[in-house]
Each structure stands twice: as structure tokens, then as C-alpha cells.
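What follows is one structure encoded as C-alpha cells, with my remarks underneath.
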Amino acid sequence: MSISKESELIGMKAISEVVGKTLRLMREHAAIGMSTKELDEFGGEILKSHGAKSAPYETYGFPGYTCISVNEAAAHGIPSEKVILKEGDLINIDVSAELNGFWADNGGSFVLGEDIHNHQPLVNASKNILQKAIYSIKGGVKIADIGYLIETEAKKCGFTVIKNLAGHGVGRSLHEAPEDILNYRVRSNKERFRKNTTVAVETFISTKSTVAVQQNDGWTLVGNRGGFVTQHEHTILITDNEPVILTEANGIWE
48 MSISKESELI GMKAISEVVG KTLRLMREHA AIGMSTKELD EFGGEILKSH
98 GAKSAPYETY GFPGYTCISV NEAAAHGIPS EKVILKEGDL INIDVSAELN
148 GFWADNGGSF VLGEDIHNHQ PLVNASKNIL QKAIYSIKGG VKIADIGYLI
198 ETEAKKCGFT VIKNLAGHGV GRSLHEAPED ILNYRVRSNK ERFRKNTTVA
248 VETFISTKST VAVQQNDGWT LVGNRGGFVT QHEHTILITD NEPVILTEAN
298 GIWE
């Protein structure tokens with residue numbers, strides 16, 4: 048959305064703080080032996096306590112308050128009593144919500160407990176690439192150039208990007224224009240980031256895959272070539288200089 052008055056900025060800051068805080072607290076609460084359903088319900092209670100509504104549930108009827116993807120699941124994992132968290136699991140939590148007509152989105156991947164499967168390099172790459180990408184965004188920058196940066200940095204680390212998942216505009220709904228802030232460059236895309244707009248920028252970095260494929264449950268996505276995928280995401284306000292990180296409360300860069 049385009050921020051044209053102070054009340055809109057206040058609204059975006061409020062919901063961004065809520066989803067950021069929820070993501071951070073869920074990450075801290077995750078424990079070995081816990082089900083992803085239990086972790087999701089913990090996050091749902093935090094959202095409710097702030098008067099916020101789960102965006103995937105409200106928008107798409109998603110069967111959970113948040114998306115929790117474990118190990119081979121790349122995104123949109125359904126919280127389940129049957130998925131029990133284990134030492135060394137690669138976990139992604141994506142939290143998006145609505146409050147007073149404003150919407151924000153954020154996510155992050157992390158390793159639970161000891162990194163016995165060596166997932167941390169992939170996690171670090173995703174976090175660091177997102178940071179480089181976001182701090183390269185300002186009004187007038189081509190969206191395709193940020194995609195090129197993300198893919199180039201991923202290759203430097205020995206990883207690939209998922210090409211059919213993308214960041215997006217956010218604000219008055221969960222997904223707005225620009226709809227495809229991709230992790231690679233589409234040369235024909237001449238669209239540029241606009242000052243005073245809010246967008247959700249996210250990385251999808253993979254060990255092997257380049258496309259996310261939907262599973263039979265109608266939600267969960269996995270990589271087309273197997274392996275693992277990490278995602279990190281912030282909602283930001285674009286300016287003429289450095290962007291404002293609205294979901295900073297999630298602490299994914301700490």
C-alpha cells in the first residue's frame with residue numbers, strides 16, 4: 048500500500064509489531080517434543096491477545112493461525128499434532144495478520160537445538176541475503192535488480208533460489224501490488240519500487256530445488272528436487288534512503 052498519512056503509518060507499525068513479536072516468541076517457545084499444532088496455538092493466542100486476526104486463515108481458510116514448515120517442507124506447512132519437533136530440525140515459521148484494517152507479514156527459519164544436520168549455513172545465507180536485498184531497496188530501484196542480487200548471492204554460497212515463491216506488496220490486504228518480488232531477475236520486468244509504499248520482501252534459498260511443488264494436502268510445498276529450503280521475511284516501508292524495517296521486533300537478524 049502507499050502510505051499517504053500518519054494514521055496509515057501508525058496502523059502499519061502496530062500490526063507489524065504484533066506479527067514480529069509473535070514470530071520471535073514462537074521461535075523462543077519452540078521445544079523438542081512439542082507438536083507444531085501446540086506451537087501454532089501458542090502463536091494464535093498471542094495474535095488474539097493483541098486483537099489481531101490470522102491472515103492465512105482470514106484470507107484463504109488456512110487450517111492454522113501460522114504456517115509452520117519442518118525439514119523438507121519448504122512453505123505453507125499445516126500445524127499438526129502428528130508433527131513432533133526434534134533436535135536439529137529445520138523449522139520455518141511464517142506469521143501474517145490483520146489489525147484494524149492493516150496487514151503485515153514476516154517469517155524466519157531456524158535450527159532447533161543443536162545443528163546436527165548442518166542446516167545453519169543455509170539459514171545464515173537466507174538471513175544475510177535478505178539483509179543485503181532489503182538495504183538495497185529504495186524508491187526507483189528496479190524490482191528485477193533485487194531478484195538478481197538475491198540469486199547471485201545464493202549462488203555465491205552454493206545454493207539455489209525457489210523461483211515460484213515471491214515477496215509482495217502488503218498493507219490493506221495480505222497480497223497487493225507489486226505481486227512478484229521474485230528471488231531472481233526477470234529481464235522483462237521494468238517495474239520499480241515506489242517511495243512510501245509497504246512491501247514484504249522474502250528470500251527462498253534452497254540446497255537443491257528451484258521450484259516449490261504443492262503436496263496432496265493442498266497447502267504444503269516441497270522442493271522439486273528435494274533438499275531443504277529456508278525463508279526469511281520482513282515487511283518494510285520504502286523511502287528515498289534506507290527502508291524502515293516495520294517487523295524489526297521479530298529479531299531474525301539478531
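Residue numbers (this note's numbering): 48 to 301.
For each residue, glycine too, the CB sits at the ideal point set by N, CA and C.
Treat the numbers as computed from the prediction; the structure is a model and nothing was measured.
{"Item": "I209 and S173 closer than 8 Å at C-beta", "Value": "no"}
{"Item": "Same chain, Cβ closer than 6 Å to H222, five either side skipped, listed in chain order", "Value": "H215"}
{"Item": "Beta-carbon separation (whole angstroms), V246 vs I193, contact threshold 8 Å", "Value": "Their Cβ separation, rounded to whole angstroms, is 10 Å, which puts V246 and I193 out of contact at 8 Å."}
{"Item": "A180 versus N211 - alpha carbon distance", "Value": "18 Å"}
{"Item": "Beta-carbon proximity of L293 to S63, cut-off 8 Å", "Value": "yes"}
{"Item": "Residue of G58, E301, P225 minimising C-alpha distance to L146", "Value": "G58"}
{"Item": "Nearest residue (CA-CA) to I50, options I299, P225, R241", "Value": "R241"}
{"Item": "Whole-Å CB distance - N139 paired with G160, under 8 Å assumed", "Value": "The pair is not a contact, with the Cβ atoms about 16 Å apart (cut-off 8 Å)."}
{"Item": "Buried or exposed (CB count within 10 angstroms, at least 16 for buried), Y107", "Value": "exposed"}
{"Item": "Pick from Y112, W300, V130, A144 that is closest to G218, judged by C-alpha positions", "Value": "A144"}
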